[in-house]
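To start, the structure itself, in structure tokens.
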Amino acid sequence: MASRADNLASNLSLANFSKATELKKRIWFTVGALIVFRFLSFVPLPGVNPLILQDLYAQTRGGILDIFNTFSGGSLERMSLIALGVMPYITASIVVQLAASLHPALMALKKEGESGRKKLNQYTRYGAVLLTVIQGWFVATGLEAYGAQSGLQAVVDPGYMFRVGAVISLVGGTMFLLWLGEQITSRGIGNGVSLIIMAGIVAQFPTFTSNLMGQYSSGSTSSFTIVAMILMIVGLIMIISFMERAQRRLLIQYPKRASQRGMMQADRSHLPLKLNTAGVIPPIFASSLLLLPLTISQFAGQSVSPDTTMGSIIVTMNQYLQHGQPLYMTLYALGIVFFTFFYTAVVFNPEETAENLKKNGGFIPGIRPGKNTASYLDYVLTRITVIGAIYLTLVCVAPEFLLAETGVALFFGGTSLLIVVNVTVDTITQIQSHLLAHQYGDLIKKAKLKGRLR
């Protein structure tokens, strides 16, 4: 029989949204913060020529810059103050998480609770600043080198003053985005950094639609291709929505305890194991590793003659590692599978989970506590990770296959689509939680009022 809370959640309606004043304030604050983020993406970096930057991005299209540009909402293409977006913070966060799972000192810090989590977050911010400085310096020197090689002056006044100014501006832009994300998390709705990334991805949708309609008008893209693209996007959204919420729930039994009436009662709970424990990390890692050699070869190819041995190697690499090529898709799929198992093993420790269950007196029915429980958890996790790896590979390789067959670049790539769907579901869940809390508050007020009347 469903509990009163379940009945209340099932009858949850957005009709009470107008009464939830605090929720409306949080939503308006989030919308305003995202508007500020979009305005900043059009503020150019001091000392650069935006017209020349369009040629620079066109020459390096297809490399890892495409991923950064998508996540930053086109800021990298325009070389704005927030050109690097929050990617340095994401990279630093992944590195700190991996280090906290492998390094003994950081592992002990992770177990300290709230104080340890704050220290790890501080290390993540320091790492983000360091990565932003390094990437900003390479961006500034790359702009100067591009102007010297092609004869187009991308930088108005090249030199150390421009490099230092560009680095300071980029660091300030990235740190402001992190502060803005924290404000959204605390005063708005949803995860701030995730919403900023999603806003950057969704902001590219009008440009993609305009380009697609232009290709359709010119006859280069057929109506069948557009319909097939829409159907594939809808199908992928449904698959992601289902698989991201799929869990393998393990029954946990606790010893019998005396109740108020003197009867012995055993407590039960469930240990949820997500089908996709690794999240969106495997596609990001796999695509970054594959696109990094391509991007380096594109920059290096400007100064190397194609008649030399090195030049022929660069040309061959660019041919076989292009989007849609069989070698690229094969390596991409293998990379996703590898990083799915690797990152799952890093973020979930069966021995630690089994030890925590043993300390709390919990056990899996039919499995002895301790080592046997750890082996069983590893057994179950390995098998559901196989399904998760197949799911991630399907979602990420399908757009690449469409690109190879039709030549139309799909706006919602696998990684982008995963981020958009996950963040949307998480935000809607938080909105429903606020509405549910508001309904509970009304019930409590009514109960107090009836008590007074009696």
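For reference, each letter of the sequence shown is one residue, going 58 to 511 in this note's numbering.
Even for Gly, the Cβ is constructed at its ideal location relative to N, Cα and C.
Source: prediction; values computed, not measured.
Below 7 angstroms CB to CB, which residues in the same chain sit around residue i once its five sequence neighbours on both sides are set aside?
{"i": "residue 132", "result": "98, 139, 140, 142"}
{"i": "residue 432", "result": "none"}
{"i": "residue 487", "result": "246, 247"}
{"i": "residue 22", "result": "Past the edges of the chain, shown from 58 to 511, lies residue 22, and the structure says nothing about it."}
{"i": "residue 425", "result": "none"}
{"i": "residue 106", "result": "210, 211, 213"}
Within a Cβ cutoff of 8 angstroms, which residues of the same chain sit near residue i, ignoring the five residues on either side of it in sequence?
{"i": "residue 480", "result": "247, 248, 251, 252, 254, 255"}
{"i": "residue 244", "result": "83, 86"}
{"i": "residue 450", "result": "390, 393, 394"}
{"i": "residue 296", "result": "448, 451, 452"}
{"i": "residue 198", "result": "220"}
{"i": "residue 304", "result": "329, 330, 331, 332"}
{"i": "residue 228", "result": "186, 189, 190, 193"}
{"i": "residue 230", "result": "97, 137, 138, 139, 140, 141"}
{"i": "residue 166", "result": "157, 173, 176, 177"}
What span of residues does the alpha helix (DSSP H) with residue i cover, start to end?
{"i": "residue 513", "result": "Because the chain in this structure spans residues 58 to 511, residue 513 falls outside the shown range and cannot be described."}
{"i": "residue 383", "result": "383-404"}
{"i": "residue 274", "result": "262-275"}
{"i": "residue 259", "result": "249-259"}
{"i": "residue 220", "result": "217-244"}
Is the beta carbon of residue i less than 8 angstroms from the beta carbon of residue j?
{"i": "residue 338", "j": "residue 400", "result": "yes"}
{"i": "residue 104", "j": "residue 213", "result": "yes"}
{"i": "residue 102", "j": "residue 211", "result": "no"}
{"i": "residue 258", "j": "residue 477", "result": "yes"}
{"i": "residue 438", "j": "residue 332", "result": "no"}
{"i": "residue 407", "j": "residue 435", "result": "yes"}
{"i": "residue 237", "j": "residue 492", "result": "no"}
{"i": "residue 445", "j": "residue 334", "result": "yes"}
{"i": "residue 386", "j": "residue 284", "result": "no"}
{"i": "residue 388", "j": "residue 414", "result": "no"}
{"i": "residue 286", "j": "residue 459", "result": "yes"}
{"i": "residue 411", "j": "residue 442", "result": "no"}
{"i": "residue 343", "j": "residue 398", "result": "no"}
{"i": "residue 403", "j": "residue 110", "result": "no"}
Per DSSP, residue i is paired with what?
{"i": "residue 518", "result": "No information on residue 518 is available, as it lies outside the stretch 58 to 511 that the chain covers here."}
{"i": "residue 305", "result": "330"}
{"i": "residue 310", "result": "325, 420"}
{"i": "residue 137", "result": "101"}
{"i": "residue 212", "result": "105"}
Output needed for residue i: all residues of its chain with C-beta closer than 6 angstroms, excluding positions within five of it in sequence on either side, in chain order.
{"i": "residue 68", "result": "Caution is warranted here: a pLDDT of 49 is assigned to residue 68, below 50, making its placement in the model unreliable, and no coordinate value can be reported."}
{"i": "residue 185", "result": "145, 146, 149"}
{"i": "residue 91", "result": "256"}
{"i": "residue 419", "result": "309, 311"}
{"i": "residue 194", "result": "224"}
{"i": "residue 76", "result": "none"}
{"i": "residue 200", "result": "211, 212"}
Around the Cβ of residue i, are there at least 16 other Cβ atoms within 10 angstroms (buried) or fewer (exposed)?
{"i": "residue 191", "result": "exposed"}
{"i": "residue 261", "result": "buried"}
{"i": "residue 421", "result": "buried"}
{"i": "residue 88", "result": "exposed"}
{"i": "residue 417", "result": "exposed"}
{"i": "residue 473", "result": "buried"}
{"i": "residue 169", "result": "exposed"}
{"i": "residue 218", "result": "exposed"}
{"i": "residue 409", "result": "exposed"}
{"i": "residue 301", "result": "buried"}
{"i": "residue 292", "result": "exposed"}
{"i": "residue 226", "result": "buried"}
{"i": "residue 299", "result": "exposed"}
{"i": "residue 93", "result": "exposed"}
{"i": "residue 324", "result": "exposed"}
What do you reckon, is the C-beta of residue i under 7 angstroms from a heavy atom of the ligand MN?
{"i": "residue 493", "result": "The ligand MN is not part of the structure shown, which contains no ligands of any sort."}
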